[in-house]
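Peer 1: Chains as they are written, first to last, in our numbering: chain A, 5 to 283; chain B, 4 to 262; chain C, 88 to 349.
Cβ coordinates follow ideal geometry from the N, Cα and C atoms, glycine included.
Pasting a structure here, questions to come.
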Amino acid sequence: MPENGTTLLNVQHIGKQYGDLLAVKDATFDVKESEFISIVGPSGCGKTTLLKMICGLLEPSSGQVTIHEQQVTSSVPEMVLVFQDYSRSLFPWLTVRKNVLFPLKNRSDLNSAEKERRAQEAIQAVGLEDSFDQYPWQLSGGMQQRVAIARAIAFRPEILLLDEPFASVDALTRAELEDLVLRLQAKFKITVLLVTHDIDEAVYLADRVFVLGPPPSVVIRAVTVELPSPRSQTETRSDPRFLEIRNEIHDLITKDAQDTKDIEEENTTEVRSSLSNVD
Amino acid sequence: MKLTRAIKNNWSGLLVLGLALIAWELLAQRDRSFFFPPISTIFSTFYEVWFSPRFLEHAIPSLGRMFAGYLLAAALGIVLGMLTGSIESLYKTLEPFLEFMRALPHALLIPVGILFLGIGDTMKVVLIVSSVVWPILLNSTEGARNVSQERLDTAANFGLGRLEVIRRVVFPSALPMIFAGLRIGLAFAFIMVVVSEMIGSTNGIGYYILNAQRTFAVPQMFAGILLLALLGFGFNSLFLWFESKVLFWHHGETGQLEG
Amino acid sequence: MGKAGREFNVRGWAFVVVITGVVELVARFGDSPAYLPPPTTILGALFSGLVSGEIAGQAGITLLSYTGSVIVATFLGVFVGILMGAFSTFYNAIKVIVEFLRPVPTVSFLPLAILLFGLGYAMRAAVTIYAAFWPLLISTFYGVRSADPIMIETARNFGLSRRQVLRRVVLPSAVPSIATGFRISAIIALSLTITAELVAGNSGLGHFIAEMERAARYPEMYAGILLAGVIGYYLNLSFRAIEKQLLFWSPSYRSQVVEEEV
């Protein structure tokens, strides 16, 4: 749970146009330090595009992103993105250890002992100490995604962005990984932005949930999740407030899909209200 | 031991081969064919020819030219391929030219080469390079273009500079395709060295074989062909072995072995 | 690359024009040797050679012999490939010979062909058929071998006999691989026909080029080379297009041996 902390990230009216297609129309929100934000929305609503624009991998067609009040124009060391498809983002010619060391390779401010230590720390944090010298393709899907997360953590970013990271793993592994990310956030005190299409997951993990509409997407609502922390797969998910919030979000999305135009007109600019009908 | 296992797996193939050779021997002995001397004669001629100074005179120059040309072409092809594959505008600019050079039968460059460079080793090495470089270049380019966007994004995310991205991400990713090009290039190198020696040379295995044919020294011609066959087989096997070592991760990743 | 109907690559062709222009200037106004004629002269020689039939005739001879060889090689290669793929006894029997002969460059056998067949069509055909046979054999073999076992099981489940399975399930699924092998074979065949003509032919485009070189008629020589390149270029384009047509339904079969760009 974030203390009402400093604003770390500021996203102002960013949009992305691909020729005729307006993928993201307008997204505006703030992210505070140590917050866990889930971004949820239907398939194809530009969630990946949004994430990429935030961390500087993609240039927005409109609007801007600022972190620590500096504008983001290209990749910044404060933010790292973990992709959904781990098999296409990890390097198969490198061992787990070397994969995790990869971002540290050309950090001249660290000596090699320190680099090894950080890599070790990251790998242990995700629970893969036994797989140091194995290759990613020798590991299961869930383990590979852990490698990708460890690689991101080793870089010590301030913000970790995850693009549907658990979509390619089975349900049991997904639950494990969800809890892993929560633990990592607590341990390393990182701010997390996680994109998912799974509403339950979004609510389970987050302090706030940004609900995205179908393309051209806007942030319909930012829903504050006031549930006790640390979260538990069994207890939190059976909490009546959990169900309320997730149902509300579900309705937001489906209703929105039915009458996009009205919502658009209503919410084209900032989303201010954080709904708290939780008590 | 590996050899005994190889024999055990291929016993029927070896048997058939053995029978074919025996059949050849018997038929050739009986018919005294001019065009197909007995296997025994071929083998003895082979020994006579290649375990003699002739090896130095013909085989070494051929091998030397081939290697020089191949390595040069590999270096050129890979480096240019990485650049062409990474810089889209460069690729687009060179595309028709590359397509044309790929489709041209490279032996036709030999008369041109002879005009410009004479009949020396330089000509042959240059011609080998100008033939071998294309499959390597094209495959390297393709390999560089097919790097997954996720890997490129990861590298950008971690702040790698352009050259570093090519060296640490694009190049390893492209290695499977690069090796495909290198394998084809090896075949081309062989072909070019032989043909260039047939058309414009005074030594070399290609020259030797053609000359033997012209002077109707048939067993010698076969001895030369057999040497080429052995060299071809040998280099190919060496190459495959080398590839399996370097690309172990790719074979592991895709779960298959090269055919 | 080389897809029919793609947008016109202005930049690429502009590059070609520029290079040609530079060569033109150097050849015409620089102190360049006789064996570097200006491109315009070459094009002129090509044009007049086509019109007069001198080059056209030779190219026609090459293409005729080439086409015949490709057809024969295709039948042979596909036939033996199916045998190898479908009947493991046969495969085991000949695989040693195949593995040994396969990496040997066909040009090594050129003198033997000359010895046996002289300098005419037969020599060229023999060499071309031999060379074009291999890619087809290998790709057919792989195509047959890589038929999805689940597909085959399903077919057997529906009561198809072994032969019917081969004909109606295995062969159709091998078509993409065969198509690619055919394309590679076709390119190799052109290369070999012309090379054979160049080294020791008595007719055809390759022979024409060698003749022109001997006669010091350099514009004509380059014209011949250019024509050969153009023929190769368009054959390559067409075969790729055909291959694409035959491949459109296939999921990634390209993990096989014929993945590479030849």
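Output, in chain order, the set of chain D residues within a Cβ distance shorter than 9 Å of residue 269 (chain C).
Peer 2: Looking at the structure shown, chain D is missing, and the protein chains on hand are A, B and C.
Peer 1: At the level of alpha carbons, what is the spacing between residue 282 (chain C) and residue 115 (chain B)?
Peer 2: Each residue's Cα considered, the two are about 14 Å apart.
Peer 1: Curious, which full-length alpha helix (DSSP H) runs of at least 4 residues does the segment 108-162 of chain C contain?
Peer 2: Qualifying alpha helix (DSSP H) stretches, in chain order: 126-139.
Peer 1: For residue 60 (chain A) and residue 221 (chain A), which I take to be in contact (beta-carbon distance under 8 Å), what is that distance rounded to the nearest angstrom?
Peer 2: No, residue 60 (chain A) and residue 221 (chain A) are not in contact; Cβ-Cβ is about 20 Å, not under 8 Å.
Peer 1: So, is the C-beta of residue 96 (chain B) closer than 7 Å to a C-beta in chain C?
Peer 2: Cβ-Cβ to chain C under 7 Å: yes for residue 96 (chain B).
Peer 1: Suppose the cutoff is 7 Å on Cβ atoms and the five residues either side in sequence are ignored; what does the same chain contact list for residue 89 (chain B) look like?
Peer 2: Around residue 89 (chain B): 147, 169, 173.
Peer 1: Anything in chain C within Cβ reach of residue 40 (chain B), meaning under 8 Å, just list it in chain order.
Peer 2: The premise fails here: residue 40 (chain B) is roughly 12 Å from chain C at the closest Cβ pair, so nothing lies under 8 Å.
Peer 1: Within this structure, are the beta carbons of residue 152 (chain C) and residue 222 (chain C) separated by less than 7 Å?
Peer 2: For residue 152 (chain C) and residue 222 (chain C), no; Cβs fall outside 7 Å.
Peer 1: Using the rule of at least 16 other Cβ atoms within 10 Å of the residue's Cβ for burial, across every protein chain shown, is residue 255 (chain C) buried or exposed?
Peer 2: That one is exposed.
Peer 1: Who does residue 222 (chain A) pair with in a DSSP beta bridge?
Peer 2: According to DSSP, residue 222 (chain A) bridges with A:30.
Peer 1: Indicate whether at least one CB of chain C lies closer than 7 Å to the CB of residue 169 (chain B).
Peer 2: It does not; no Cβ of chain C falls within 7 Å.
Peer 1: Which runs of the alpha helix (DSSP H) at least 4 residues long sit entirely within the segment 41-120 of chain A? Give them in chain order.
Peer 2: Listed in chain order, they are 51-58, 100-105.
Peer 1: In the structure shown, what three-state DSSP assignment does residue 163 (chain A) receive?
Peer 2: Reduced to three states, the DSSP call for residue 163 (chain A) is strand.
Peer 1: Using a threshold of 7 Å, state whether the C-beta atoms of residue 190 (chain C) and residue 212 (chain B) are closer than that.
Peer 2: No, the Cβ-Cβ distance between residue 190 (chain C) and residue 212 (chain B) is not below 7 Å.
Peer 1: According to DSSP, what are the bridge partners of residue 15 (chain A)?
Peer 2: Answer is A:33, A:69, bridged to residue 15 (chain A).
Peer 1: In this structure, does DSSP put residue 189 (chain C) in helix, strand or coil?
Peer 2: In the structure shown, residue 189 (chain C) sits in coil (DSSP, three-state: anything other than H, G, I, E or B).
Peer 1: Inspect the CB distances between the segment 133-147 of chain B and the segment 105-112 of chain B and report whether three or more fall short of 8 Å.
Peer 2: Contact between the segment 133-147 of chain B and the segment 105-112 of chain B is present, because at least three Cβ pairs lie under 8 Å.
Peer 1: Does residue 93 (chain A) get closer than 7 Å to chain B when you measure Cβ to Cβ?
Peer 2: By this cut-off, residue 93 (chain A) is an interface position.
Peer 1: Can you give me the C-alpha to C-alpha distance between residue 349 (chain C) and residue 267 (chain C), rounded to a whole angstrom?
Peer 2: Confidence is the limiting factor: at residue 349 (chain C) the pLDDT is only 43, short of 50, which leaves the residue's position unreliable and the question unanswerable from this model.
Peer 1: Show which residues of chain C have a CB atom less than 9 Å away from the CB atom of residue 228 (chain B).
Peer 2: By Cβ distance, chain C contributes 191, 195, 196, 198, 199.
Peer 1: Applying a beta-carbon distance threshold of less than 9 Å, which residues of chain B neighbour residue 89 (chain A)?
Peer 2: In chain order: 151, 153.
Peer 1: Are any of the Cβ atoms in chain B nearer than 7 Å to that of residue 184 (chain C)?
Peer 2: With 7 Å as the cut-off, residue 184 (chain C) counts as an interface residue toward chain B.
Peer 1: State the start and end residues of the unbroken alpha helix (DSSP H) segment that holds residue 213 (chain A).
Peer 2: Looking at the DSSP string, residue 213 (chain A) is not in any alpha helix (DSSP H); the run it does join, the beta strand (DSSP E), is 212-216.
Peer 1: Using a cut-off of 7 Å between C-beta atoms, extract the partners of residue 289 (chain C) located in chain B.
Peer 2: Per Cβ cutoff of 7 Å: no residues; residue 289 (chain C) is ~15 Å from chain B at best.
Peer 1: With distances taken between CB atoms, is the gap from residue 35 (chain A) to residue 13 (chain A) smaller than 7 Å?
Peer 2: Contact flag set, yes.
Peer 1: Excluding the 5 residues flanking residue 279 (chain A) on each side, which residues of the same chain have their C-beta closer than 7 Å to its C-beta?
Peer 2: Its pLDDT being 38, under 50, residue 279 (chain A) is placed unreliably by the model, and the measurement read from it follows with that caveat. For residue 279 (chain A), where only same-chain residues beyond five positions count, the Cβ hits under 7 Å are 225, 227, 228.
Peer 1: Using the beta-carbon of each residue, which ones in chain C are nearer than 8 Å to residue 190 (chain B)?
Peer 2: Under the 8 Å cutoff, chain C gives 190, 192.
Peer 1: Beta-carbon of residue 203 (chain C) versus every beta-carbon of chain B: anything under 7 Å?
Peer 2: Yes - at least one Cβ of chain B is within 7 Å of the one on residue 203 (chain C).
Peer 1: Take residue 240 (chain A) and list the residues in its own chain whose beta-carbon comes closer than 8 Å to its own, dropping the five residues that flank it on each side.
Peer 2: Excluding sequence neighbours, residue 240 (chain A) sits near 208, 231, 232, 246.
Peer 1: Quick one: what's got a C-beta closer than 7 Å to residue 139 (chain A)'s C-beta in the same chain, skipping five residues either side?
Peer 2: The answer, listed in chain order, is 96, 99.
Peer 1: Any beta-carbon of chain B closer than 7 Å to the one on residue 180 (chain C)?
Peer 2: Cβ-Cβ to chain B under 7 Å: yes for residue 180 (chain C).
Peer 1: Within a Cβ cutoff of 8 Å, which residues of the same chain sit near residue 148 (chain C), ignoring the five residues on either side of it in sequence?
Peer 2: 290, 291, 292, listed in sequence order.
Peer 1: Check this for me: beta carbons of residue 72 (chain B) and residue 131 (chain B), under 7 Å apart or not?
Peer 2: Their beta carbons are under 7 Å apart, which means residue 72 (chain B) touches residue 131 (chain B) by this criterion.
Peer 1: How about residue 132 (chain C) and residue 310 (chain C): do their beta carbons lie closer than 7 Å?
Peer 2: Yes, these two residues count as a Cβ contact at 7 Å.
Peer 1: Scan the segment 149-209 of chain A and note each continuous beta strand (DSSP E) run of 3 residues or more that stays entirely inside, going in chain order.
Peer 2: Listed in chain order, they are 163-167, 195-200.
Peer 1: For residue 133 (chain A), does the count of other Cβ atoms within 10 angstroms reach 16, so buried, or fall short, so exposed?
Peer 2: When all chains shown are included, residue 133 (chain A) counts as exposed.
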